[in-house]
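Residue numbers (the numbering used here): 8 to 287.
Since the structure comes first, as structure tokens, the remarks are kept for the end.
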Amino acid sequence: MIGIFDSGFGGLTVFKHIAAKLPQYDYIYLGDNARAPYGNRSPETIYQFTVEAVDWLFKQGCELVVLACNTASAEALRKIQQEWLPQYKDPSPHRRGEGEVLRHRRVLGVIRPIAEAAVAVTTGRVGVVGTRATIASHAYERELKKLNPDVTVFETACPLLVPLIEEGWAKKSETKRILRTYLHPLRLKQLDTLILGCTHYPILLNEFVAKMGKQCKVLDPGPIVAASLADYLSRHPEIENKLTKKGNTRFCTTDTSQRFNELGSQFFGKSIQAKRVQIS
Ligand code: DGL
């Protein structure tokens, strides 16, 4: 089973593309709505919450967890992969021969694949928009520079966009004005590529495209992450072979399911029925 984690509804804009590209797998989508948004929280809190979510998804039987949330990917993924996962006491380890335990649980994020896609298309000037925490972490800048040290990166936090989108204000003139204000400094930088580094921003994709102008490619993260996951699974048969393939999906939220079902269905583009769960 594949676990998809987000702080709330936003990851559904990513999961929508994963489910369409890889419909054969079983999934659990977990939204930590009771503690969302993560975007203004401290790195320590984001790490703590994300670890609890990953642990819960592992206990549900996920061999692989994708952090669809940019904030969680930016602030928690590296530490999870480098420190937490190597210490993880797997309740059902896969054994081969005498005492040899194969570590087969994996956690992936969205920043690396999106940075790779940006580096593949940019001519040198990349913009990144995201939550306050994602931008403060400079995780995108780090990945982009690792892939191509010659890239110049400009980052801007847009903290008002998540609440506006969740209020259903995406199409309102107030939101368009706020977006214009946020993008103004980036427009002066003559970007050729813009990364939408937040799960909610694809809801405003057309607005971003219109405001950035023809010379700037605005990257929609969902299809990029879905293609990258498909590629990862084709390169890692030791993980892929363990995934169950009945095409089932469970939606779970840590807050009431009614609001999740209403707003989540809009983000996912299909009606969904979530179950409330406790993860900590
Ligand atoms: N899912 C978050 C992200 O992609 C946005 C919402 C939040 O701040 O929790 O950064």
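Every residue gets a Cβ at the ideal spot worked out from N, C-alpha and C, and that includes glycine.
All values reported here derive from a predicted model rather than from experimental measurement.
DSSP places residue 162 inside the beta strand (DSSP E), whose first and last residues are 159-164. Not one heavy atom of ligand 1 lies closer than 7 Å to the C-beta of residue 233. Taking one beta carbon from each stretch, the stretch 26-35 and the stretch 247-264 have 3 or more pairs nearer than 8 Å; the two touch. Between residue 210 and residue 174, the alpha-carbon positions lie close to 12 Å from each other.
Collapsing the DSSP output to three states places residue 226 in a strand. Contact between residue 165 and residue 147 does not hold, since their C-beta atoms are separated by about 14 Å, which reaches or exceeds 8 Å. If the five residues before and after residue 249 are omitted, its C-beta is found closer than 7 Å to the C-beta atoms of 70 and 111, all from its own chain and listed in chain order. Separation of the CB atoms of residue 45 and residue 75 is rounded to 12 Å, and the pair is thereby denied contact status at 8 Å. Taken in chain order, the complete beta strand (DSSP E) segments of 3 residues or longer contained in the stretch 40-79 are 71-74. By the beta-carbon neighbour count (other beta carbons within 10 angstroms, threshold 16), residue 51 is exposed. Note: residue 201 is bridge-paired with 134 and 225 in the DSSP secondary-structure output.
Between residue 172 and residue 207, the C-beta spacing is below 8 Å. Between residue 144 and residue 82, the C-beta spacing is below 8 Å. Residue 198 is classed as buried because its beta carbon has at least 16 other beta carbons within 10 Å across all chains shown.
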